[in-house]
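Residue numbers (this note's numbering): 8 to 215.
Worksheet: one structure, shown below.
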């Protein structure tokens, strides 16, 4: 079986420092490390999708400047950085919310004729994770791939701010992804149970 794990936007600039940082995301790291080690032990692909903006990125009309290429904000957080050395690890940068718009990401998926599973973790659940997952689902349709897409609940999160209720947007994101055919598992153990043919729950009932 060929599988790919995508870790979305665990940049320093979203986790540790900078105008978009949310230190709460550090709580996701233990589960994310579990998933990464699972894929490494199985000899599967471990991919990191990171924001890496141009100095004059159009996105900065909506959000404050962040994760500019060549700065520490654009780097993977220290806890995950050692995994870049894994022989089947890849790092892809994006200049927008949606990492699936990177042609190199699409090309890797297109090349894997035996791809059976895409697993997604990271931040933000209702922005970069959701856009990546939904576009991945439609790209699989485009290339007639039957690969399944899983999002790991305990390895994703979003932020809480005025006008952006964390719990509400986690629920909305899960519902939207579920309607797109994306499947939810709680954690690494649940993913392994699904792979063995045991039960799971789908998106749309996040937190239920």
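Backbone N, C-alpha and C fix where the C-beta goes; we use that ideal spot for every residue, glycine too.
Given residue 29 as reference, the closest of 97, 164, 147 once Cα atoms are compared: Taking the chain shown and counting its residues from 1, one reaches residue 29 at position 22. If we check each option's Cα against that of residue 29, 164 comes out closest.
Report the rounded CA-to-CA distance for residue 54 versus residue 159, giving the unit in angstroms. Sequence index remark: in the chain shown, residue 54 carries index 47 (1-based). Sequence index remark: in the chain shown, residue 159 carries index 152 (1-based). Approximately 15 Å, taken between the alpha carbons.
On the three-pair Cβ rule with 8 Å, is the region 127 to 142 touching the region 78 to 85? no
Tell me, to the nearest whole angstrom, how far the beta carbon of residue 15 is from that of residue 127; I am working on the premise that it is less than 8 Å. Taking the chain shown and counting its residues from 1, the one referred to as residue 15 is at position 8. Taking the chain shown and counting its residues from 1, the one referred to as residue 127 is at position 120. With a beta-carbon spacing of about 7 Å, residue 15 and residue 127 fall inside the 8 Å limit used to define contacts.
Tell me whether residue 195 sits in a helix, a strand or coil according to DSSP, three-state version. Position 188 of the chain shown, counted from the first residue, corresponds to residue 195. Note: residue 195 maps to helix in three-state DSSP.
Give the secondary structure of residue 14 by DSSP, where H, G and I count as helix, E and B as strand, and everything else as coil. Start at 1 with the first residue of the chain shown, and residue 14 comes out as number 7. DSSP places residue 14 in strand when its eight states are reduced to three.
Contact under 7 Å by Cβ, residue 157 with residue 192: Reading the chain shown from its first residue, position 150 is the one you call residue 157. Reading the chain shown from its first residue, position 185 is the one you call residue 192. Yes, they are a contact pair.
If I'm right that residue 154 touches residue 39 with Cβ under 8 Å, what's the distance once you round it to whole angstroms? Within the chain shown, numbered from 1, the residue matching residue 154 stands at position 147. Within the chain shown, numbered from 1, the residue matching residue 39 stands at position 32. With a Cβ gap of about 21 Å, residue 154 and residue 39 do not count as contacting.
Which of the three DSSP states is assigned to residue 62 in this structure? For the purposes of this step, residue 62 is taken as residue 55 along the chain shown, with counting starting at 1. Three-state result, residue 62: coil.
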